[in-house]
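Q: Starting off with a structure, shown below.
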Amino acid sequence: MKTRSIVFVIMCCLIQLVRAENGYELWLRYQPIEDASLLDSYRQKHIALFVPVSSDTLKAAKKELQLGLRGLLNYSSQEIASWNELKEGTLIAGTPRSLPGLKDTDVYRKLDRLTEEGYLIASSHIEKKAVTIIAARTDIGVLYGVFRYLQLMQTHQSLAHLDIADSPKLKYRMLNHWDNLNGTVERGYAGYSLWNWERLPRYKDPRYTDYARANASIGINGIVLNNVNAEAKSLRTDWLVKASGLADVFRPYGIKIYLTAKFSAPKEIGGLDTANPKDERVRQWWKDKVKEIYGLIPDFGGFLVKANSEGQPGPQDYGCSHAEGANLLGEALEPYGGIVFWRAFVYQNERHVDRVVTGYNEFKPLDGQFGKNVFVQPKNGPIDFQPREPFHPLFGSMPDTPLAMEFQITQENLGHAGHLVYLGTLFEETLQSDTYANGKGTTVSKVLQNYQHTHGMSALAGVPNVGTDLNWTGHLFGQANWYAFGRLSWNPDMHATDIAAEWVKMTFSTKQEVLEPILRIMSMSREAYVNYTMPLGLNHIMNYDTHNGPEPWHNDPVWTAFDYHKVTKDSIGVDRTMQGSGATRQYHSPVFDKFDDLNTCPESYLLWFHRLPWDYKLKSGKTLWNGLVDHYYKGVEEVRQMQRLWDTLKGKIDNERFRHVATLLKYQEQEAIWWRDGCLLFFQQYSGRPIPSQYEQPAHSLKYYQSIPFPYDWNGVYEH
Ligand code: BDP
Numbered sequence: 001m002k003t004r005s006i007v008f009v010i011m012c013c014l015i016q017l018v019r020a021e022n023g024y025e026l027w028l029r030y031q032p033i034e035d036a037s038l039l040d041s042y043r044q045k046h047i048a049l050f051v052p053v054s055s056d057t058l059k060a061a062k063k064e065l066q067l068g069l070r071g072l073l074n075y076s077s078q079e080i081a082s083w084n085e086l087k088e089g090t091l092i093a094g095t096p097r098s099l100p101g102l103k104d105t106d107v108y109r110k111l112d113r114l115t116e117e118g119y120l121i122a123s124s125h126i127e128k129k130a131v132t133i134i135a136a137r138t139d140i141g142v143l144y145g146v147f148r149y150l151q152l153m154q155t156h157q158s159l160a161h162l163d164i165a166d167s168p169k170l171k172y173r174m175l176n177h178w179d180n181l182n183g184t185v186e187r188g189y190a191g192y193s194l195w196n197w198e199r200l201p202r203y204k205d206p207r208y209t210d211y212a213r214a215n216a217s218i219g220i221n222g223i224v225l226n227n228v229n230a231e232a233k234s235l236r237t238d239w240l241v242k243a244s245g246l247a248d249v250f251r252p253y254g255i256k257i258y259l260t261a262k263f264s265a266p267k268e269i270g271g272l273d274t275a276n277p278k279d280e281r282v283r284q285w286w287k288d289k290v291k292e293i294y295g296l297i298p299d300f301g302g303f304l305v306k307a308n309s310e311g312q313p314g315p316q317d318y319g320c321s322h323a324e325g326a327n328l329l330g331e332a333l334e335p336y337g338g339i340v341f342w343r344a345f346v347y348q349n350e351r352h353v354d355r356v357v358t359g360y361n362e363f364k365p366l367d368g369q370f371g372k373n374v375f376v377q378p379k380n381g382p383i384d385f386q387p388r389e390p391f392h393p394l395f396g397s398m399p400d401t402p403l404a405m406e407f408q409i410t411q412e413n414l415g416h417a418g419h420l421v422y423l424g425t426l427f428e429e430t431l432q433s434d435t436y437a438n439g440k441g442t443t444v445s446k447v448l449q450n451y452q453h454t455h456g457m458s459a460l461a462g463v464p465n466v467g468t469d470l471n472w473t474g475h476l477f478g479q480a481n482w483y484a485f486g487r488l489s490w491n492p493d494m495h496a497t498d499i500a501a502e503w504v505k506m507t508f509s510t511k512q513e514v515l516e517p518i519l520r521i522m523s524m525s526r527e528a529y530v531n532y533t534m535p536l537g538l539n540h541i542m543n544y545d546t547h548n549g550p551e552p553w554h555n556d557p558v559w560t561a562f563d564y565h566k567v568t569k570d571s572i573g574v575d576r577t578m579q580g581s582g583a584t585r586q587y588h589s590p591v592f593d594k595f596d597d598l599n600t601c602p603e604s605y606l607l608w609f610h611r612l613p614w615d616y617k618l619k620s621g622k623t624l625w626n627g628l629v630d631h632y633y634k635g636v637e638e639v640r641q642m643q644r645l646w647d648t649l650k651g652k653i654d655n656e657r658f659r660h661v662a663t664l665l666k667y668q669e670q671e672a673i674w675w676r677d678g679c680l681l682f683f684q685q686y687s688g689r690p691i692p693s694q695y696e697q698p699a700h701s702l703k704y705y706q707s708i709p710f711p712y713d714w715n716g717v718y719e720h
């Protein structure tokens with residue numbers, strides 16, 4: 001081993017010990033490689049760098065490579081100016097346009113295997129000199145390849161004999177910001193909105209570039225800037241000019257911007273007396289507005305719309321259907337290649353209608369009626385981002401409509417930014433659910449990728465968890481959820497555990513003693529959350545306003561948690577079988593049969609689909625009441641186990657991040673107990689059964705838990 005390397009490795013160790021980490025760098029930390037032989041082998045692959053830059057995107061790719069190599073290898077590669085100067089150990093990156101010499105390599109013909117945004121990373125020989133090539137058909141493909149290449153090094157993989165070809169499986173990989181124009185974020189728990197509207201477009205905060213880098217590194221290519229509970233003024237010229245500033249920053253990173261469109265905008269800001277989609281003046285207004293937008297933002301992505309839902313205006317206000325409303329916007333965007341995401345999150349407030357069936361009932365009959373550039377976008381489940389929901393039955397039921405799926409990355413119903421809950425497992429559970437729409441194996445993921453029927457349109461959307469907090473997501477582990485969402489939007493068939501391993505290696509360390517406990521924590525965390533909040537298919541029993549903390553007792557004339565658990569002295573749960581609301585019928589057989597039949601319904605969805613007496617016997621042989629109690633106690637125990645696992649990391653990772661997570665885990669334990677005791681004491685009033693004596697008994701009365709004020713949701717101000 002060369003002396004230089006040894007000195008470098010010693011320096012790295014010292015730096016690691018003193019370096020305070022605040023989480024800002026996310027998974028792009030590019031920490032020095034400590035393993036000396038690995039370091040040597042990596043350095044040999046980067047004797048020289050040949051990345052001709054002819055566009056802003058290629059410039060960004062080169063800059064990232066240099067940043068990464070400097071950090072990982074503490075080394076500046078020699079820059080090569082032309083193909084003729086290539087030497088052994090050169091890293092080459094580009095497209096056939098930026099690198100004409102590529103045409104003469106063995107890599108060139110493999111480019112056919114890629115889609116527009118795909119990339120190749122290959123070990124090759126050029127005139128007998130061993131080189132590594134990152135190649136793509138487009139500049140953005142090169143940038144994605146560069147990020148992947150750096151990821152290989154960050155996760156300490158061998159760079160010998162590389163032959164990677166990768167293309168995204170979904171075309172639109174979207175973040176749907178719920179940012180209000182006043183700087184707050186609806187259901188955001190990591191500070192205020194990243195967009196500083198006051199200073200845009202003249203001042204472009206450098207953080208926007210870091211945001212774009214992070215998103216490009218996981219393949220995100222679309223960002224909706226503002227809240228689905230839209231303000232019409234976001235489409236006013238002065239606001240469009242501001243938005244164009246963000247578009248300029250994001251463009252080199254392959255990210256298009258989108259805006260939410262308030263359906264009543266022609267009335268609110270257009271001076272018309274109607275927003276009726278059938279009115280010629282309205283149609284013309286949207287066409288003119290779209291033309292204006294493209295004049296300012298030539299690569300504008302399109303609109304996201306929440307219509308006739310939770311008080312938002314929509315086409316139904318004029319007796320028109322969702323399809324007619326969506327197509328109005330679709331037609332205006334079509335000449336410019338823009339698209340519409342039309343949300344299917346709709347429900348009636350009438351208490352006699354089961355909320356679970358309404359989205360399907362409204363949208364299924366419209367299959368085939370949406371324009372070619374229109375997505376229908378249901379949430380992952382039929383209620384509303386609950387800790388666990390069965391997949392939305394619209395997936396697999398609208399074969400002739402491009403369907404996008406919306407996940408929530410921000411933890412509105414999963415402990416906000418206070419609880420460590422790895423959502424990769426939740427995402428995977430939904431994506432790999434089998435709809436049986438086209439026989440066995442028609443998973444939700446396959447439905448999303450169903451190009452044949454959807455004019456090549458495919459998409460995944462996530463409501464992000466980012467804000468102005470120094471570490472972006474409030475809880476450091478929120479970063480993992482953002483990361484996991486991005487990776488799944490690129491390839492929805494990835495496994496949550498593999499993604500978690502990538503993230504941990506890049507965010508903390510590749511060492512087993514660090515990796516292993518963190519992976520265990522992450523893989524158990526979502527089930528733990530379900531256990532201490534809403535086990536056995538319970539849902540929507542959280543606090544009415546903030547959506548954090550237990551409130552199964554909430555009951556007012558407008559909203560009652562009783563609609564969701566229907567607890568009585570005899571039974572609990574909602575009958576959604578054919579004897580009840582019939583929600584099970586919205587699934588294809590055999591999913592329908594599985595959910596409808598009590599004997600085959602998975603216990604994780606038991607009370608979602610079935611209403612059962614307290615003495616109902618679970619598979620364990622225990623009564624429903626005792627089983628419920630077990631879950632709640634298990635959840636709290638799991639959080640304690642997560643704490644113990646985390647404690648093993650003391651001294652093995654930097655103190656700053658260690659303490660941050662340790663403190664939040666303590667907080668999580670307290671909230672888990674609050675949930676457990678609050679819910680069990682409430683349900684016990686009805687079940688009339690004891691909490692078995694082997695368990696630590698609730699320290700307080702139900703009254704006490706009911707009087708705990710819900711922590712002020714300081715930034716997620718519920719603004720409609
Ligand atoms: C609910 C949120 C609300 C959103 C709504 C939506 O509580 O803040 O506006 O979903 O998705 O879950 O439109």
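Residue numbers (UniProt numbering): 1 to 720. Even glycine gets a Cβ: it sits at the ideal position worked out from N, Cα and C.
Residue 730 to T430, Cα distance in whole Å?
A: Residue 730 is absent from the structure shown; the chain starts at 1 and stops at 720.
Q: Pick helix, strand or coil for Y203, following the three-state DSSP scheme.
A: Y203 falls in the coil class under three-state DSSP.
Q: Examine ligand 1 and report whether any of its heavy atoms sits within less than 6 Å of the Cβ of N176.
A: No.
Q: Taking 8 Å as the threshold, find out whether the region 279-298 comes into contact with the region 206-223 through three or more Cβ pairs.
A: Contact between the region 279-298 and the region 206-223 is absent, because fewer than three Cβ pairs lie under 8 Å.
Q: If you compare alpha carbons, which of Q685, G582, F658 is closest to W625?
A: Ranking Q685, G582, F658 by Cα distance to W625 puts Q685 first.
Q: Enumerate in chain order the residues of its own chain whose CB-to-CB distance from K569 is below 6 Å, with the five nearest sequence positions on each side excluded.
A: Y686, listed in sequence order.
Q: Evaluate contact between the region 80-91 and the region 109-121, counting only Cβ atoms and requiring at least three cross-stretch pairs below 8 Å.
A: No, they do not touch.
Q: If you follow the alpha helix (DSSP H) that A60 is in, where does it begin and where does it stop?
A: Unbroken alpha helix (DSSP H) run through A60: 56-73.
Q: What's the C-alpha gap between A135 and R351?
A: Distance between the alpha carbons of A135 and R351 is about 57 Å.
Q: Report yes if the CB atom of R487 is closer than 7 Å to the CB atom of I164, and no otherwise.
A: No, the pair does not count as a contact, with Cβ atoms beyond the cut-off.
Q: For E389 and F682, I'd like the C-alpha separation in whole angstroms.
A: Roughly 23 Å between the two C-alpha positions.
Q: Got a sec, what are the start and stop residues for the alpha helix (DSSP H) residue 721 sits in?
A: The chain is shown only over 1 to 720; residue 721 falls outside these bounds and no answer can be derived.
Q: At which residues does the alpha helix (DSSP H) containing H700 begin and terminate?
A: First-last for H700: undefined, no H or E at that position.
Q: Could you round the C-beta distance between L67 and Y30 to whole angstroms and report it? I think they count as a contact, below 8 Å.
A: Their Cβ separation, rounded to whole angstroms, is 6 Å, which keeps L67 and Y30 in contact under 8 Å.
Q: What residue range is occupied by the uninterrupted alpha helix (DSSP H) comprising A672?
A: Here the alpha helix (DSSP H) through A672 covers 655-687.
Q: Tell me the rounded alpha-carbon separation between L536 and Y529.
A: If I take the Cα positions, the gap works out to 12 Å.
Q: Given T510, which residues of its chain have a CB within under 7 Å of its CB, disregarding the five upstream and five downstream residues?
A: Cβ within range, chain order: T155, H156.
Q: Do you know whose CA, among I691, I673, E696, lies nearest L704's CA?
A: A small fix is needed here, since residue 704 is Tyr in this sequence, not Leu. The candidate whose alpha carbon is nearest that of Y704 is I673.
Q: Can you pull the DSSP bridge partners for T260?
A: Note: T260 sits in a beta bridge opposite L304.
Q: How long is the line joining the alpha carbons of G183 and Y564, rounded to whole angstroms?
A: Their Cα atoms are separated by approximately 33 Å.
Q: For D210, which option in P201, L194, R526 has the closest C-alpha, if you only look at C-alpha atoms?
A: Looking at the Cα atoms, L194 is the closest of the given residues.
Q: When every heavy atom of ligand 1 is checked, does at least one fall within less than 6 Å of the C-beta of R281?
A: No, the Cβ of R281 stays beyond 6 Å of every heavy atom of ligand 1.
Q: May I ask you to list the residues that DSSP assigns as paired with S571?
A: Note: S571 sits in a beta bridge opposite P613.
Q: Note down the Cα distance separating G325 from G314, rounded to an integer number of angstroms.
A: Whole-angstrom Cα-Cα distance: 7 Å.
Q: Out of curiosity, what's the CA-to-CA distance linking L240 and K289?
A: Approximately 10 Å between the Cα atoms of the pair.
Q: If I follow the unbroken beta strand (DSSP E) through F50, where does it start and stop?
A: Segment 48-50, the beta strand (DSSP E) holding F50.
Q: So is Q408 buried or exposed if we call it buried at 16+ other beta carbons inside 10 Å?
A: Buried, because 16 or more other Cβ atoms sit within 10 Å of the Cβ of Q408.
Q: Give me the residue from L665, N349, V444, K440 with the minimum Cα distance to L394.
A: Checking every option, the nearest Cα to that of L394 belongs to V444.
Q: Specify the secondary structure class of R576 as computed by DSSP and reduced to three states.
A: Coil at R576, not helix or strand.
Q: Cβ of P382 within 7 Å of Cβ of G396?
A: No, these two residues do not count as a Cβ contact at 7 Å.
Q: On a CA-only basis, which of S82, S589, Y42, W482 is nearest S98? Give me that one, please.
A: Per the Cα distances, S82.
Q: Taking the alpha carbon of F263 as the reference point, which residue from K291, K242, G311 has its own alpha carbon closest?
A: It is G311.
Q: Give me, in chain order, the residues of the same chain whose beta-carbon lies closer than 7 Å to that of K204; leave out the 5 immediate sequence neighbours on both sides.
A: Here the set comprises G245, V249.
Q: State the Cα-Cα distance for the pair M457 and F375, rounded to the nearest angstrom.
A: If I take the Cα positions, the gap works out to 8 Å.
Q: For the structure I just gave you, are there three or more beta carbon pairs, one from the region 334-352 and one from the region 409-429, closer than 8 Å?
A: In short, these stretches do not touch, since the Cβ pair count stays below three.
Q: Give the DSSP-derived three-state secondary structure of L235 in the structure shown.
A: Helix, per DSSP.
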